[in-house]
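Residue numbers (this note's numbering), protein chains in the order written: chain A, 76 to 281; chain B, 76 to 281. We put the CB at the ideal spot given by N, CA and C, even for glycine.
Number of protein chains: 2
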Amino acid sequence: MSKNIPEKVSNRLTLYHSIMVEYIEAGIDTISSPQIAQRLGIDDSQVRKDFKLLNNAGKCRVGYMVKDLKDSIEKTLGFSKTKDAFIVGSGHLGLALAKYDSFNSYGLNILALFDNDPQKIDIQVNNKQIFHISKLPNLVQRLGVEIAILTVPRQAAQQVADFLIESDIKYIWNFTPVVLKVPPTVKVWNENLMGSFLQFACKDIE
Amino acid sequence: MSKNIPEKVSNRLTLYHSIMVEYIEAGIDTISSPQIAQRLGIDDSQVRKDFKLLNNAGKCRVGYMVKDLKDSIEKTLGFSKTKDAFIVGSGHLGLALAKYDSFNSYGLNILALFDNDPQKIDIQVNNKQIFHISKLPNLVQRLGVEIAILTVPRQAAQQVADFLIESDIKYIWNFTPVVLKVPPTVKVWNENLMGSFLQFACKDIE
DNA sequence: AATAAATCAAGAAAAAAATCACGATTTAAT
DNA sequence: ATTAAATCGTGATTTTTTTCTTGATTTATT
């Protein structure tokens with residue numbers, strides 16, 4: 076369905092999207108590729124190449140329609156296809172993600188959180204309930220959830236992942252610094268907080 | 076100093092690093108490129124190419140020394156160069172990052188948090204104090220901190236960023252979904268949580 | 001000792017991504 | 001009206017990244 080947008084492009088698309096939101100709030104209707112490029116420190120033909128993937132024609136000397144661009148970025152990145160997910164691990168990171176309202180506008184719908192700490196059970200976070208982890212398999216079945224956001228401590232990561240896989244979770248968004256062992260039917264996305272930042276921070280710091 | 080490691084490579088290096096940590100914990104001394112490659116679903120010559128950047132020779136039929144690899148990854152990614160940082164915005168995400176102990180092992184040292192909510196001031200989080208944002212310029216000067224981790228709400232992002240820049244912050248790790256406007260002397264790293272994940276999640280979900 | 005299998009190393013080839021360059025178009029200015 | 005400037009669209013070029021291939025090396029096996 077989606078034309079297999081490369082990761083780098085989809086990264087840029089979300090950045091373009093933020094700029095579109097900003098322009099709309101400022102009441103500006105059109106935007107040009109050099110404007111965007113300068114803002115992001117990239118080449119303007121790069122921006123145009125990316126926009127061509129969106130099938131969104133610009134107009135010479137004028138630029139692109141902000142509203143149209145925003146819509147087609149959302150369509151291409153699937154913001155409108157709602158994707159349900161569970162957060163597994165209700166520590167600070169789990170709670171932060173549960174409160175992160177932007178997920179919703181990106182089409183990611185957090186249904187509930189899980190933890191094994193009895194003290195946390197039944198607490199409500201941003202209108203989402205924290206359940207004991209033992210309730211997960213049942214809820215996965217009943218709600219047909221395929222995505223789990225894994226925010227448990229490092230030590231528990233593989234064990235919990237195994238449990239998720241048994242429970243029929245198909246996609247794991249992994250916030251732990253552990254390279255999970257999973258069967259080929261399960262897809263893992265490693266959110267590698269440090270990886271790219273280190274590169275950024277070390278490039279010129281000393 | 077560092078040989079300008081591309082972003083993709085440094086991303087893989089952190090993944091390799093996690094695997095090394097795991098092997099050390101398991102008491103395994105050596106690891107081969109096919110083992111790593113299979114684990115990550117990538118090509119084994121890719122792994123070897125990456126390792127060559129580390130100047131870490133392997134041994135035919137045996138593989139690489141886990142300990143040596145770990146050390147040279149840490150050296151290359153600058154884990155040992157301690158980098159001080161402030162967290163600006165003490166909401167859930169800010170607190171989560173303040174508690175994220177892995178930062179320390181990656182050489183990122185969070186010194187303090189900031190917020191403008193009087194209720195949060197002086198609270199201790201993981202041995203770090205939350206200060207009122209007005210104290211930031213002074214502390215930046217006194218402690219010579221150059222890195223700020225920005226976790227404020229979207230609406231406040233640009234305004235707070237401007238304040239950071241005035242205060243002589245040089246690197247902003249931006250967790251807000253706003254493309255910040257900064258002068259060329261200031262570097263921004265956009266932590267684009269959704270960008271790559273969307274790509275991952277939409278590729279085959281419908 | 002000879003053979004086989006696993007692995008590294010490194011150059012070649014292929015693929016992917018980014019940049020350049022230029023013609024075409026549109027708007028604003030003279 | 002004509003000219004100039006800004007911008008798009010796109011093919012060509014360059015650069016970067018990944019994969020393929022082959023030969024060398026080391027260990028285990030016969």
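When burial is assigned at 16 or more other CB atoms within 10 Å of the CB, is residue i buried or exposed?
i, result
"N249(B)", "buried"
"V137(A)", "exposed"
"I148(B)", "buried"
"E100(A)", "exposed"
"S211(B)", "Rather than Ser, the amino acid found at residue 211(B) in this sequence is Leu. By the 10 Å Cβ count, L211(B) comes out buried."
"E82(B)", "exposed"
"R87(A)", "buried"
"Q194(B)", "exposed"
"N130(B)", "exposed"
"A173(B)", "buried"
"D176(B)", "exposed"
"M76(A)", "The pLDDT assigned to M76(A) is 39, lower than 50, so where the model puts this residue is not dependable; a value taken from the coordinates is nonetheless given after this. Burial call: exposed."
"S120(A)", "exposed"
Residue i by DSSP, collapsed to three states: which one?
i, result
"Y139(B)", "strand"
"L159(B)", "Before going further, note that residue 159(B) is Asp rather than Leu in the sequence given. The answer is strand: DSSP assigns D159(B) an E or B state."
"L273(A)", "helix"
"L218(B)", "helix"
"L239(A)", "helix"
"D125(A)", "helix"
"D190(A)", "strand"
"K245(B)", "coil"
"N86(B)", "helix"
"I208(B)", "helix"
"A223(A)", "strand"
"S77(A)", "Because S77(A) carries a pLDDT of 48, less than 50, the predicted location of this residue cannot be relied on, and the following value inherits that uncertainty. It is coil, neither helix nor strand."
"V96(A)", "helix"
"N213(B)", "helix"
"T105(B)", "strand"
"I111(B)", "helix"
"Y91(B)", "helix"
"L255(B)", "coil"
"I148(A)", "helix"
"K174(B)", "helix"
"K195(B)", "helix"
"N184(A)", "strand"
So, under 8 Å CB-CB, residue i and residue j are touching, yes? Tell me the CB distance rounded to an integer number of Å.
i, j, result
"A160(B)", "I222(B)", "4 Å"
"H92(A)", "K156(A)", "At roughly 16 Å, the Cβ-Cβ gap does not stay under 8 Å, so H92(A) and K156(A) are not in contact."
"K203(A)", "L186(A)", "7 Å"
"V254(A)", "R114(B)", "6 Å"
"A171(A)", "L183(B)", "Not a contact, Cβ separation roughly 18 Å."
"Y246(A)", "L273(B)", "At roughly 12 Å, the Cβ-Cβ gap does not stay under 8 Å, so Y246(A) and L273(B) are not in contact."
"G164(B)", "D197(B)", "About 16 Å; that fails the 8 Å criterion."
Closest to residue i by C-alpha separation, out of the options, would be which residue?
i, options, result
"L188(A)", "I224(A), D118(A), L128(A) and W264(A)", "I224(A)"
"F154(B)", "T89(B), Y246(B), N79(B) and P258(B)", "T89(B)"
"G270(B)", "W264(A), K134(A), K174(A) and Y246(A)", "W264(A)"
"C235(A)", "Q216(A), V261(A) and I208(A)", "In the sequence on display, residue 235(A) carries Val and not Cys. The shortest Cα separation from V235(A) among Q216(A), V261(A) and I208(A) belongs to I208(A)."
"I80(B)", "V141(B), K150(B), G133(B) and Q216(B)", "K150(B)"
"S85(A)", "I111(A), Q110(A), P109(A) and F126(A)", "F126(A)"
"I162(A)", "L129(A), I205(A) and K245(A)", "I205(A)"
"G116(B)", "L268(A), F272(A) and V257(A)", "V257(A)"
"R294(A)", "D243(A), V200(A) and I196(A)", "Because chain A in this structure spans residues 76 to 281, residue 294(A) falls outside the shown range and cannot be described."
"T226(B)", "T251(B), A171(B), V200(B) and I247(B)", "T251(B)"
"N268(A)", "D190(B), F178(B), H167(B) and S120(B)", "Residue 268(A) is actually Leu in this sequence, not Asn. Measuring from the Cα of L268(A), the nearest candidate turns out to be F178(B)."
"D104(A)", "Y181(A), G133(A) and Q274(A)", "G133(A)"
"V215(A)", "F238(A), R229(A), A231(A) and P228(A)", "F238(A)"
"G102(B)", "K142(B), L152(B) and P228(B)", "K142(B)"
"M95(B)", "D118(B), L128(B), G219(B) and M140(B)", "M140(B)"
"K262(A)", "F275(B), T260(B), K262(B) and V261(B)", "F275(B)"
"G166(A)", "N213(A), L128(A), S108(A) and A231(A)", "A231(A)"
"P228(B)", "L128(B), L152(B) and D192(B)", "D192(B)"
"P109(A)", "N201(A), C135(A) and V200(A)", "C135(A)"
Mind listing which residues of the stretch 106-125 of chain B have their C-beta closer than 8 Å to chain A's C-betas, in chain order?
-> R114 and L115
Residues within the stretch 240-263 of chain B neighbouring chain A, beta-carbon criterion of under 8 Å = Y246, W248, P252, V253, V254, K256 and K262
Could you run through the stretch 186-197 of chain A and flag, in chain order, every residue whose CB is less than 9 Å away from some CB of chain B?
-> none
Under 9 Å (Cβ pairs) to chain B, residues found in the stretch 153-164 of chain A = G153, F154, K156, K158 and A160
The stretch 196-225 of chain A: which residues have C-beta closer than 8 Å to a C-beta of chain B, in chain order?
-> E221 and I222
Any residues in the stretch 125-145 of chain A with a beta carbon nearer than 7 Å to a beta carbon of chain B? Which ones, in chain order?
-> none
According to a CB-to-CB cut-off of less than 8 Å, which residues of the stretch 264-278 of chain A neighbour chain B?
-> W264, N265, E266, N267, L268, M269, G270, S271, F272, L273, Q274, F275, A276, C277 and K278
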